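For the working numbering, add 13 to where a residue sits in the sequence shown, where the first one is 1.
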Amino acid sequence: MRWMVCVATAACVWVKSASACGGLFCSVATTVGIPIDQNAERVVFEIGEKSVTTHVQLQVAGDASDFAWIVPLPAVPTFGTTDVVWLDDLDAYTSVQFNLPQADLTGCTNPSAPRSQGGMCTSDASESSMGVASFDDGRSSMPNGQTVIHYGTQEFGEYVADVVGSTDTAAVVEWLQEHDYNISDNMIPVLSGYNTPGMVFAALKLSRPNGGEALTPVRFEVPGGEPCVPLRLTAVSAQPLMGVQVIILDDQPWVPSTGTFEEIDPDALSLYPDGSTNYFAWVARRTAEAGGQHFIRERVVTIPEWRKPYFRHTRASRYYTRLSPEDMTIDPIFVPAPDVEDTAAVDLTDHAPLWGCLSSEELAARMPTSCANTFCGDGATCVDGFDGLTPGCVCRPGQVVQQFLDPAGRSTVTCVAAQNPVGVTNETVGAGSAFDPCLPVDCGLGTCVLRGGFPTCACATAALAYITPAGTPRCSARPKGAIERGAGALPPPRWYAPPATRTRPPVPWPIVGIVSVLALLLIARRLELRRRARRLRASTAGPRVAPVQRFG
């Protein structure tokens, strides 16, 4: 059986079983009350003839200097860094394209317009800078008597990598701790499932403080395999509704072989005056409805030959999902699908535009509700509250409300289980101390509780949770007239109509005037022709003779 390449924001692993695809971990920070947690993940797989090269772009919430990557592998890998410009260009080239409706120009003198959808400005950046590993076989004994094989240390970019192996996972963790890797003992049970004969553990950390700057993407190459995303191990330290984007570069398309996937449904999306949509909220809802085993196929695109030297392949398959830790129960695997055709742009032209020359009343009538761009979580309820612009979430029993950053970088809230069922962090770290993360949080009609070291609010029954201007969650009484919108991310009927009844943009007045004049001219011409016909008949009939009257 072929090995599978598995990547996550926090780890990477090869295993022989499809049900045991691994991942990378971010350990708990040493500073009390400021844990490290995953915030976003972007993974690119390059399929080669005899190897798979993986690029991982990682963002972390917290002090990046306190994170560590633990990567179970069947062999010593080749490490390096990837140019972020190349990843950005690939992201732009494969991004979702939306066809927007024409503007409503009725009575226009100074029309508004949606934001520019733009194109991609390609960089001439060179390929990734690779640092080739050259590891020696060194052995060291730990205090517990177990032997740990140290294959060597490699520095590349801002990273340091050590590759070690042992039949005892606890000895591996102890070795890493002694060499300043921020990994705790509670990782031992998780890593033990991957410590089979022939496996090694690659550990990565920063070689220097990065001052809060973005981490350089990591690149590594391993022989053979199929790409897989280790969501089960990613769940150990994942944020709620974590976005996962997968791009596979090859000379043929690829599809998920586990779970389900679907195309983007244009009728489920809403428009905003700046030309954006509620796409991210819709993805979160669809994934939750599918039990977490779901991807949205964003794009399948053919890369022209003249671009192949830059992207190194001719087909790109792009998938996206948003899910919470409790939904990360299987590791998605991708397989080739040569018969899949390229996807078209998402057609939104039959949606009512929110730009052009609209009065404030017309714009308000077409605007989505605040819940259209919010997903409150499985079983929770989104409520249009307060001023109609600020959405709130009513969590079900056993849930707490947690603040997080959505894909657009906005601070928002969602409902999550009171405890991460797959987490390994101390749920109450820092509680009751001077470093208690709950100290600055005012939950209002609720109580602050720590979930993996992060402050959350357990709201009173039926209380509405929302995000404050300070970016913290708060519970409040539900305002009068508040309207429930299910779990959110649904198009309410007041601004969206089915295709048969959608209102088309009014025809601009010059066209109406021209058509009206032509119609009047046609009518006048027909009347003139009728008058001429009557005159012609009268002139050809001859003089009219009166009938002869007889008298007897």
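Backbone N, C-alpha and C define an ideal beta-carbon position, used for all residues, glycine too.
All figures in this text were calculated on a predicted structure; none of them were measured in a lab.
Cβ shell of residue i (< 6 Å), same chain only, five flanking positions each side left out
i, result
"A471", "V413, G459, T460, V462"
"E391", "The residue you asked about is not Glu; residue 391 is Asp in the sequence shown. Cβ neighbours of D391 beyond the five flanking positions: A301."
"A385", "S283, N291"
"Q415", "P253, V429, T469"
"L204", "T182"
"A303", "T273"
"L262", "E59, H326, A329"
"V257", "E54, T334"
"N208", "T182"
Candidates the options, of which the one nearest residue i by Cα
i, options, result
"F308", "T271, P468, I316", "T271"
"T180", "I201, Q190, D455", "I201"
"I480", "R245, D419, L452", "D419"
"F214", "V176, A183, L244", "V176"
"Y106", "W267, A329, T166, W295", "A329"
"P253", "N433, D344, P90", "N433"
"D340", "V407, A251, L361", "A251"
"T485", "P222, D455, V185", "D455"
"T356", "V313, T394, L371, R325", "V313"
"Q115", "S205, L284, R545, L533", "L284"
"P243", "R232, V259, E234", "V259"
"D101", "F417, T182, L361, V57", "V57"
"P85", "T387, A184, G206", "G206"
"F448", "F467, P240, G457, A431", "F467"
"C241", "V89, W188, V268", "V268"
"D79", "N195, R548, L540", "N195"
"A294", "M212, R423, D344", "R423"
"H163", "D280, L533, Y333, E187", "E187"
"T273", "D264, P286, P266, R310", "R310"
"T91", "L549, D344, V65, P410", "V65"
"Q110", "D263, D344, I277", "I277"
"S289", "M380, D344, E374", "M380"
Which of helix, strand or coil DSSP assigns to residue i
i, result
"P450", "coil"
"L458", "coil"
"V98", "helix"
"K493", "coil"
"L254", "coil"
"E541", "helix"
"R325", "coil"
"T166", "strand"
"R221", "coil"
"I480", "strand"
"L534", "helix"
"R548", "helix"
"T182", "helix"
"S108", "coil"
"T160", "strand"
"V353", "coil"
"A248", "helix"
"V242", "coil"
"L103", "helix"
Beta-carbon proximity list for residue i, same chain, < 8 Å, skipping 5 on both sides
i, result
"V97", "Q70, A227, T229, P230"
"L477", "V396, G398, G405, C406, V407, C488, S489, A490, R491, P492, A495"
"A475", "V407, R491"
Neighbourhood of residue i by C-beta, 7 Å cutoff - its chain only, sequence neighbours within 5 removed
i, result
"K63", "P236, G237"
"I316", "F324, H326, T327, R328, A329"
"H364", "P114, L284"
"G61", "none"
"G411", "A430, A431"
Residue environment, residue i, which counts as buried when at least 16 other CB atoms sit within 10 Å
i, result
"P351", "exposed"
"W368", "buried"
"W319", "exposed"
"R232", "buried"
"A184", "buried"
"R55", "buried"
"E59", "buried"
"E275", "exposed"
"S372", "exposed"
"V348", "exposed"
"T362", "exposed"
"G305", "buried"
"R409", "exposed"
"P222", "exposed"
"R543", "exposed"
"G211", "exposed"
Residue i: CB within 8 Å of a non-hydrogen atom of the ligand NAP
i, result
"V313", "Judged by which ligands are present, the structure shown has none, so any question about the ligand NAP falls away."
Item checked: Contiguous alpha helix (DSSP H) assignments of at least 4 residues, all confined to the segment 366-437 -> Unbroken alpha helix (DSSP H) runs of no fewer than 4 residues, entirely contained in the segment 366-437, are found at 373-379, following chain order.
Check: Taking the runs of the alpha helix (DSSP H) that are 4 residues or longer, which of them lie wholly in the segment 264-309?
Finding: 292-302
Next item on the list: Counting only runs of 4+ residues fully inside the segment 56-95, write out the alpha helix (DSSP H) ranges in chain order.
Entry: Scanning the segment 56-95 for uninterrupted alpha helix (DSSP H) segments of 4 residues or longer gives nothing; none is fully contained.
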